[in-house]
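S.K.: If you read the sequence shown in my numbering, its first letter stands for residue 38, the second for the next number, and so on.
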Amino acid sequence: MTTPYAVGGFNFALSCTQPSWLYFTDGADISNGYVNWDTVGSIISNWEAVGSNVQSASPGTIRVTAIADMPGGQDDIYLPPNPGGLLMTLHPKLSHDICADTSQLLQLDNAGVADTTGYILYPDTLISDYVYLLPGPCADAPRGDANCSHSVNGVDVVYLVAYFKGLGNSYCCLCTGDANSSGTVNGVDITYLVSYFKGQVPPPLPCD
Numbered sequence: 038m039t040t041p042y043a044v045g046g047f048n049f050a051l052s053c054t055q056p057s058w059l060y061f062t063d064g065a066d067i068s069n070g071y072v073n074w075d076t077v078g079s080i081i082s083n084w085e086a087v088g089s090n091v092q093s094a095s096p097g098t099i100r101v102t103a104i105a106d107m108p109g110g111q112d113d114i115y116l117p118p119n120p121g122g123l124l125m126t127l128h129p130k131l132s133h134d135i136c137a138d139t140s141q142l143l144q145l146d147n148a149g150v151a152d153t154t155g156y157i158l159y160p161d162t163l164i165s166d167y168v169y170l171l172p173g174p175c176a177d178a179p180r181g182d183a184n185c186s187h188s189v190n191g192v193d194v195v196y197l198v199a200y201f202k203g204l205g206n207s208y209c210c211l212c213t214g215d216a217n218s219s220g221t222v223n224g225v226d227i228t229y230l231v232s233y234f235k236g237q238v239p240p241p242l243p244c245d
């Protein structure tokens, strides 16, 4: 966070240009192994209140609010001017129907920053920050690589069979599960992979 003042709190909204692709669940609930956010190793890891909520009127948007010093808590734990460093890590959940390397824009807006008394008073023009997107497990994974091991082999057949029987996890994303490029993932993809390993059909096409 870049601001010329000491910071005792902030709030901001983070939204996706295509909410149906990227979404958050409320608070820090665990959903399919993903947590919405954490402050581990961040510059606000010792702040006393950090929370989030999803705006039901704006699907795909999460609002995060953080306060350094709550009444009766530790004193003087606000951020100095222009502290730099990791603020927090947000963990969005990406639909399995969309390949994780699909281009998507995240917007950080409606930011407010408080001084050490907790009052929101700094104008947006004095605040700047960045959002970094780290590659997901589907990045660079080939089509047919259902378990995202970054290679296509017999294990992917076993993985898909287990998934359809309800015994295993879902494929990483549409591209890796859709071996025959039909736009859906079903038993035909298992048949295609088996035929490919037998040399009866061409290899799966590259992911878009």
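Built from N, CA and C at the ideal position, the CB exists for glycine as well.
Using the Cα positions of residue 50 and residue 126, report the straight-line distance between them to the nearest angstrom.
M.R.: Cα to Cα, the separation comes out at about 14 Å.
S.K.: Could you check the C-alpha separation between residue 209 and residue 42 for me, to the nearest Å?
M.R.: When rounded, the distance between both Cα atoms is 43 Å.
S.K.: Residue 231 by DSSP, collapsed to three states: which one?
M.R.: Looking at residue 231 - three-state DSSP - the assignment turns out to be helix.
S.K.: For residue 217, collect the residues of the same chain with a Cβ closer than 7 Å to its Cβ; drop the 5 residues on either side in sequence, then sort them by chain order.
M.R.: Excluding sequence neighbours, residue 217 sits near 225, 226, 229.
S.K.: Evaluate residue 179 with the Cβ neighbour count: other Cβ atoms within 10 Å of its Cβ, from every protein chain shown; 16 or more gives buried, anything less gives exposed.
M.R.: Under this definition residue 179 is a buried residue.
S.K.: Closest by CA to residue 26, which one among 80, 120, 144?
M.R.: Because the chain here runs from 38 to 245, residue 26 falls outside it and cannot be looked at.
S.K.: If I follow the unbroken alpha helix (DSSP H) through residue 213, where does it start and stop?
M.R.: Per DSSP, residue 213 belongs to the alpha helix (DSSP H) from 211-214.
S.K.: Between which residues of its own chain and residue 81 is the CB-CB distance below 8 Å, once the five residues before and five after are set aside?
M.R.: Cβ within range, chain order: 87, 103, 105, 116, 124, 125.
S.K.: With a threshold of 7 Å on Cβ separation, who are the neighbours of residue 147 within its own chain once the five nearest residues in sequence on each side are excluded?
M.R.: Cβ within range, chain order: 49, 50.
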